[in-house]
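Residue numbers 30 to 1292, in the numbering used here, belong to the letters of the sequence shown in order.
We put the beta carbon where it would ideally sit given N, CA and C, even for glycine.
In this text the structure is predicted, and so the values were computed from the model without any measurement.
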Amino acid sequence: MALSKELINLLDSDEEPLKKRLKLAHNVFFAIDLPITRKEDLILQWLCKVCTIKEDVWSSLKWCLKSENLNIKSHIKKSLIDVLVQKLNENSFNKCNEVLECCNLLLSNTGMQQYLSKKPEDLQSLLKSLIHYVHIYFKDTLNIKDHFIEIDTNTAKTVDESTIVIYNTILNVIENLMQIYKQSINTRDEISIIFIREVLYTLCSLIDHKQADSTSRLGLIAYKCIQQLIFMKNKHTQDKINETVLSELFLVLASNVKALDLQNNLETYICVFRAVIGSYKSDTTTLDTIFRKLIISAGKYKKEILISFFYFFGDTPFDFENKVDNITLLQFFQQIIDDILSVKKLSPVDYKLLTRITYFYPTLIEKKIDNIIYKLYLQEPTIEHNDLLISILDASILLRQEDKLISQLLKNLQEAITIESESDLIIQSFFSLEFKNKFTKLIACFTNSQVLIILKILIDNLNRSCMESLKDNTTCHNITILRTVAELLIAFLNGVCIFGNTSTLTHQQEFISVLNELGKNLSLLIKKALHVNHNTNVIAVLLSVILSWSEIQNMTKYYVPKVKNYELTFPISDDHWQQLIQRITNFGEEECTNNMNKIIIHRIKHYASIDSPIKFDALIDGLKNFWSTILRYDSEIISLLNDKEMSELVSLLVTDMMSNECKFHQWMELISKENLQENRRFLIYLLCHVLVQIGTIPTKGVTKSIIQHIDTKLMLSAEVLGKKKIKKILEPIKREILECKWEQMENTAFNKVKLYLDIIVHMPLAFFKSDIKALLLMIIYTINKECIENGDITTLCNKIFLKLFQTTGLDILQYIDPVSVLCQLSESKAFSKALEQSLRNIRSYETLKTLINSSSTHKESMYIFLQCIENVRQKLDVDQKFIFKKAEQKLCKKIFNILPINIEMPCDVKYLTLILKITALNKETENTFRKCAELTLHKIFVPTQESHSNELLEAGLQLAAILFRNYKEVEISSQIRTQIWSVMLKFPCEDLLLPLIETTEAKLFQNLLKSIHFQMMEELPKLNSNSLENIFIVWNAILKSDMSAKRNKFRTVAIENLFRNIQVINISEQYWSRLLELFQNILSSKHLYISNNIIDMSMNVALKALEKKTLSICNDVLILCGTLIKVRMNIIVDKLPVLLLLYRRAIDIIIQSSKIVNDKVGEHKCRCLLLDIEKLTICLVKQKKDMMRLSPYVIADLIKLLSEGGLMPFAKISLENTIATLISICDQHGIALLSRTLPVYLQEMFKTQLDTFNKFHKFSGKI
């Protein structure tokens, strides 16, 4: 006792600093053998007294509360709670983390939980203060004004450390509250009520409802807590419902509905309702009772809350005949519907609620559809209004009342028009585009009998309602009926599939019969409409229906040829046809005109011939207002246009294209489509019109002159009929071009010329006849010459040239002067291609001589000409080869003679290389050219103070490749060879690699291997290395080369060093695939002796590569394993365990990757790799003798992989196939081993796989 007093005196003394006294208190509290009675109580009581004055004390209090064996008296517990409540109520965030951690430690202490379970008033005080503190903190920290907060773990982490501490405190407090509830016996109701009053609303406001339950830890804990404390739901049992707690819940909910806004109430109701579903999903009676009470308690927010509930129903069963207060659930919902329909104007919430009810249980609205539709007719159209109408359509399908719905829609519209006079009645159109599209799609799914019933209903309504409305007077309300029936008819006809493969001939005949009846009624309506004075609205609507009817008529022509006795009669007679055109021409509005023109187009398509009784001149206002529609939607009838109409069409098209950039690109996209690209007649007219327009741009010059010769009819006859009259205009154009009197166009003309040329570029020029291509070649050549100053026009001209020369048949030398052609060679690749085509036709040396003399003034032209000869030489006959060889020799001498003595330019090196390639077997010139080449190589590769350009070095390598391959006596010093190798590592030339390797001396080769090795080790750890790819190319060439024993020994040592060093360096991930590919080439090389050491190191490196866990590396490792099995099986037999380790790791990576793949590309990669696994497994089991003892262990690993959750179906099938392949080589001992040693849950899975193998895979001797 004395020690206790002395301790208290020391702690209370102000003579010592607080820090020293806290240290004393800490030491005494945790001392083990100190003879002070109840020292923990004394220390904690003192800390509680001091912490209200000194905030530094909270850290010491926290450390004391962390004691695992805390045994203190009740009054100390009370003091701790009081001091925490006092601190929390101050709303001060100083020492926030320490205070909250003290709360957390206090509530997690077992003794404290027992105390609070017996003292619910203290629990209520602490929870109330803590929840209020947390709420205030989040509002201040996150700057939130509303009660609703919604915070998740990510938000908590991104704000500050205190936020995540508070978030975790809430989690722990709720978990500890559930533990306190479990420990309580007599106070459970009080704890539940405390939770409802003090915690529920704030807790629900903190939950992030956007996250799924599995990712929102707070949401998951709150869900369990509500189930346990309110609905008595434990982990495995469901206790009897507690009416006291539920009554308190509904009372609190109802009071908060009045006090708080919608969002705060909504989140709480959602949390509670989800807990209700989880607790009573199998008890429909209790679920129904609580559900209704929740809706009733929601008061003014019951509609919004009920809407939110529908999203959580899922597959929850409801008994709609269950009675609560003598009212069934069906009646409960129908009363809600009646309440909504009783208001004059529906709100968006009303629409949404009716929509959700309709989708939830269509029977609920079955008897209310008439009332709902009638109400909808009186409302303004909105998005929600449209969604409700679509939901009713879906509900009628489920209720099998599709035909009844059509009648209801029309009957209620008639009543609304007759009875109501509200100004907000929708007159113009009731059905939205979405509704009509939905109706069209559903029609396609109906049976043939349903289609006929609905069509008859629509016809009946057309007769009864529309005809009656048009008898005396045509008011705007009457037109609403007509428009509504018309819209439904059009939607119906657009979706009808009566002509499908499943339709019988009888059904088709009946459908056409009913369709004829519709046509007769439409004819009567047209006749009556023509007697109504100037009402274009009625005519426009009727024409839209006739247009759809006409489309069906065109369908019957192609899809029902057997129904010959039931030909459809067009609704508009010849007399009415002329009257309609006259009426619309005089008074018709735009809608009327467009519909009539569409019908005219349909009739032209129906007859589908030039001799059609209906011509294009019948179009109202002619082509000028309807040409774009024809091009966009009816391009198949363009071929029916006569010459004048086709000319007018392309003229209107080009004029519109040139009006602005946007239209130009839109029309270019349309012209590029296949249907127009195959219409030769349209293309010729378009081409001629574009060329003529180009001819109008310049004021003088050859372009203007030659385009005047264009004759569309001649070009059309040449292209379509193959006539040769076009030669009449080719000859004068050719003569004008030969005169070369070019006149440069003005800069102002360039923009228009570019646009016109762009149109030509998008035409299929390669497929035109040769005469058309020849004409176009000369015109574009002329344009290019007269617009030489504009680079864009030159580019477009070159594109056209490439298209023209894409196919054979055009001899450029017949139409353009050879000198001009050779001058163009250096400017356009297209001309070199064209020259190659023309060279094949030359059979006289004189022609070649003319070309050689024409090119002798320009070195590059001679070079390209020589290249062209070289390219076509293999395609010539014997006589041609003789004269071309002579031409080659002459060209080579001419080029060589004008080359400088000291060749230093890359282009000159390129010319010399081609000369050497062509004259390689000519002994007369061999020495002269070879010496020049050796001298050139010496100048390029001997080190100088001035570095050479990369272009010159690459040209030098090409020259060296020709020398090494074709000239045996090449005198090149070792110094130059060394320099060539140093350049080769920067610019590897594959043509030079093999001959250079074969001629490199042993000592130089050894130094080269060392240099490559050191450079490779330096570059592999780097992220981006340009030289590493070059090293791989050189290595692959070294592996392919035949070598002497000495050099082969150097190569083998270098390979071993490579494998050894790669194991100890860090390799950048991007190089692993290339490195493994190199190893595959090494192991499969026929020129190498592969030791056991190399095999071991290759598998070790592969294991290291698999640590990256990427699919691309897995692919390369599997190829490496396959190479080892196929090529080095004699060595790999003793190393099968390591190989199987590679095999299993690769499978594991692929399977794990397949679980998280989220796109088609990734899935395809996994499928391919799993197929490779199956192939590799087949290769393995071929080594049955060696694999038999190891296969059970591999099967065990694969069975474990198969047992994991989340496997994709294709991955599971592939694993099962692999297991079956391995089981095929297992003997009875292996099967028994697996059956005994696997865990129980894996044994069952193995048994299933074994049964599957025996049933489907095991060979039984029968086929």
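Item to check | K352 in three-state terms, based on DSSP | outcome: strand
Checklist entry - Closest to F302 by CA distance: which of L278, E1047, N285 is it? => result L278
Checklist entry - When the Cα of I223 is compared with those of L206, V1269, K1164, which residue comes out closest? => result L206
Checklist entry - Where does A473 land, buried or exposed, given buried means 16+ other C-beta within 10 angstroms? => result exposed
Next on the checklist: Between the alpha carbons of L784 and Y1100, how many angstroms are there, rounded?
Outcome noted: 47 Å
Next on the checklist: For a test of the three-state rule: what should DSSP assign to K1032, helix, strand or coil?
Outcome noted: helix
Item to check | Beta-carbon proximity of L1037 to W1010, cut-off 8 Å | outcome: yes
Next on the checklist: With three or more beta-carbon pairs closer than 8 Å as the criterion, would you say the segment 320-334 touches the segment 271-285?
Outcome noted: yes
Checklist entry - In terms of residues, what are the limits of the alpha helix (DSSP H) holding T315? => result 313-326
Next on the checklist: Using 8 Å as the threshold, is the C-beta distance between S89 and L76 below it?
Outcome noted: yes
Next on the checklist: At the level of alpha carbons, what is the spacing between K1276 and I1161?
Outcome noted: 32 Å
Next on the checklist: Using C-beta distances below 7 Å, list every residue in its chain close to P346, excluding the 5 sequence neighbours before and after it, in chain order.
Outcome noted: T313
Checklist entry - Is the CB-CB distance between A13 and Y844 below 8 Å? => result Summary: the structure shown does not reach residue 13, with the chain confined to residues 30 through 1292, and so no result is reported for it.
Checklist entry - With which residues is T357 paired in a DSSP beta bridge? => result K352
Item to check | DSSP three-state assignment for A1175, whether helix, strand or coil | outcome: helix
Next on the checklist: Whole angstroms are fine: how far does the CA of L1025 sit from the CA of L1171?
Outcome noted: 38 Å
Checklist entry - Just how far apart, CA to CA, sit I1207 and R1103? => result 26 Å
Checklist entry - If A747 and D800 are in contact, beta carbons under 8 Å, what's the gap, nearest whole angstrom? => result 5 Å
Item to check | Close beta carbons around Q256, own chain, < 7 Å, minus the five adjacent residues each side | outcome: K262, A304, G307, S308
Item to check | Alpha-carbon to alpha-carbon, D1256 and L1147 | outcome: 27 Å
Checklist entry - Among the residues of its own chain, which have a CB less than 8 Å from the CB of N294, if the five just before and after it don't count? => result L282, N285, V286, A327, Y330, I334
Item to check | Buried or exposed (CB count within 10 angstroms, at least 16 for buried), K1194 | outcome: buried
Checklist entry - In whole angstroms, what is the alpha-carbon distance linking R661 and L699? => result 7 Å
Item to check | As assigned by DSSP and simplified to three states, the class of W578 | outcome: helix
Item to check | Check whether I366 and I386 have beta carbons under 8 Å apart | outcome: yes
Checklist entry - What separation, rounded to the nearest whole angstrom, lies between the Cα atoms of D354 and D317? => result 12 Å
Item to check | Chain-order list of residues whose beta-carbon lies under 7 Å from that of C816 (same chain, five-residue window excluded) | outcome: M774, F779, V782, I822
Item to check | Buried versus exposed call for L572 [16 or more other C-beta atoms within 10 Å across all chains shown] | outcome: buried
Checklist entry - Helix, strand or coil: which one does DSSP assign to G343? => result coil
Next on the checklist: Runs of 4 residues minimum, wholly inside the segment 614-693: which ones carry the alpha helix (DSSP H) assignment?
Outcome noted: 619-636, 656-662, 672-686
Next on the checklist: Tell me the DSSP secondary structure of F970 in three-state form.
Outcome noted: helix
Checklist entry - Does the separation of the CB atoms of L1236 and M1274 fall below 8 Å? => result no
Checklist entry - Around the C-beta of V749, are 16 or more other C-beta atoms found within 10 angstroms, so that it is buried, or is it exposed? => result exposed
Checklist entry - Of the residues I160, E444, T469, K211, which one's Cα is nearest the Cα of T196? => result Just to set this straight, residue 196 is Tyr in the shown sequence, not Thr. Of the candidates I160, E444, T469, K211, the one whose C-alpha sits nearest the C-alpha of Y196 is I160.
Checklist entry - Is it buried or exposed for K1075, if we count other Cβ within 10 angstroms and need 16 for buried? => result exposed
Checklist entry - Alpha carbon to alpha carbon, how far is L1279 from L1198? => result 24 Å
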